[in-house]
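Residue numbers (the working numbering): -18 to 170. All C-beta atoms, glycine included, are put in the ideal place defined by N, C-alpha and C.
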Amino acid sequence: MKNLYLTPEEEQEAVKWAEDASWVEREDYNMDLEYLACVKDILDHKVFQSMDRYMQHGDTTCKAHCIKVSYLSYSICRKLGWEYKEAARAGLLHDFFLYDWHTHARETGERFHGFTHPRAALNNAVKHFDLTENEKDMILRHMWPLTPVPPKTKGGMVIIYADKLCGLVETTARIKRWILYGFGRKSAA
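Below is the structure:
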């Protein structure tokens, strides 16, 4: 049986990889033809492309965050022989809520984004893409344990891990840059 855990070296590499958005900006994932075979219809869709307009964590757009989560989930599931195609697709669509969550409550009065956005993402995803039942479950359950029901599949649990890792790294990278380069600097007046 394959090892179900990342080695410390693999985990350290995943953190470095999640912190560096340049590979997303360069679209290096286009070099992985097997990954593209799973997700090209989503990546090329104009509504998915519109996610570049919304910030997610730190300086990372929602589109870039979803690509990171998708590719990390795909890579882990592929290594372990799990449902990598479904994890790649659901990873791209897990935050397909299509609004700026930073201002959403103020603009609409709808609160509790952390609890409600998985349903919004799923509703949007089924409007634009054909999804398997597993993909739907992975999108809907990706915020567990914040939402009460865990995903039904191993790939769904991997998406939870990838989402939390990427979100944490994206947020702390911005804080780190702020401390190192912006915090405490005296203006040159």
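| field | Integer Cβ distance of residue 23 from residue 79, believed to fall under 8 Å | value | That pair is no contact at about 14 Å.
| Straight-line gap, residue -8 to residue 57 (C-alpha atoms, nearest Å) | Residue -8 and residue 57: Cα-Cα distance of roughly 11 Å.
| said: Can you give me the C-alpha to C-alpha distance between residue 77 and residue 102, rounded to a whole angstrom? | reply: 4 Å
| message | Along the chain, where does the alpha helix (DSSP H) containing residue 31 start, and where does it finish? | response | Per DSSP, residue 31 belongs to no alpha helix (DSSP H) and is neither H nor E.
| Contact under 7 Å by Cβ, residue -4 with residue 45 | no
| task | Could you say which of 91, -13, 81 and 71 lies nearest to residue 31 if we only look at CA atoms? | result | 81
| query | Is the distance from the Cβ of residue 70 to the Cβ of residue 20 below 7 Å? | reply | yes
| Since residue 115 contacts residue 151 with CB under 8 Å, what's their CB separation in whole angstroms? | Actually they do not touch by this definition, with Cβ atoms about 26 Å apart.
| message | Are the CB atoms of residue 65 and residue 10 within a distance shorter than 7 Å? | response | With a cutoff of 7 Å on beta-carbon distance, residue 10 and residue 65 are scored as not near each other.
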